[in-house]
Structures are given as structure tokens and as C-alpha cells.
Amino acid sequence: AANTIRQIAKMGMRKKVKIEISGGINAKNIKQFAQAKPDFISLGYITHSPKAVDFSLEITR
1 AANTIRQIAK
11 MGMRKKVKIE
21 ISGGINAKNI
31 KQFAQAKPDF
41 ISLGYITHSP
51 KAVDFSLEIT
61 R
């Protein structure tokens with residue numbers, strides 16, 4: 001990601017395009033990806049890898 005963003009900057013196009021990175025990004029490596037300074041970072045792990053939460057409701061009489 002960082003190399004691609006640098007190449008876009010060298011072509012003088014960095015301010016003309018929005019850059020989004022995604023794929024394989026998680027809580028452990030997001031800082032590495034953020035250092036490339038993309039405009040957006042997509043995180044699929046937020047929806048497919050969350051810990052389960054018990055939202056049950058028990059009604060007793």
C-alpha cells in the first residue's frame with residue numbers, strides 16, 4: 001500500500017484521487033497501514049470476527 005501511494009504521489013496525482021486500502025487489515029496491523037496515509041481504511045474484521053455478546057432476555061414469573 002505504501003509503495004503504491006508513493007508512486008501516485010510521484011506522478012503528482014495524490015491530491016486528485018482518494019485512496020482506500022482493505023484486505024488483511026486488523027487491530028494488530030492497522031497502524032502499519034495507516035502510516036501509508038490513505039484516505040480510507042476498510043476493516044472487514046469488524047463484522048466477521050467480533051467476539052460474541054449475550055443479548056438474551058430471561059423473563060420469570
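Going by the numbering used here, the first residue of the sequence shown is number 1, and it counts up by one from there.
Even for Gly, the Cβ is constructed at its ideal location relative to N, Cα and C.
Check, Outcome
"Confirm the yes/no value for this check: CB of VAL17, any heavy atom of the ligand GDP, distance under 7 Å.", "Absent from the structure shown: the ligand GDP. Ligands present: none."
"Would you check if the distance between the CB atom of SER42 and the CB atom of SER22 is smaller than 8 Å?", "yes"
"Report the option in ASN3, GLY12, ASN26 whose CA atom is closest to the CA atom of THR47.", "ASN26"
"Tell me, to the nearest whole angstrom, how far the beta carbon of PHE33 is from that of GLU20; I am working on the premise that it is less than 8 Å.", "Actually they do not touch by this definition, with Cβ atoms about 11 Å apart."
"Indicate whether PRO38 and ILE59 have their beta-carbon atoms separated by less than 8 Å.", "no"
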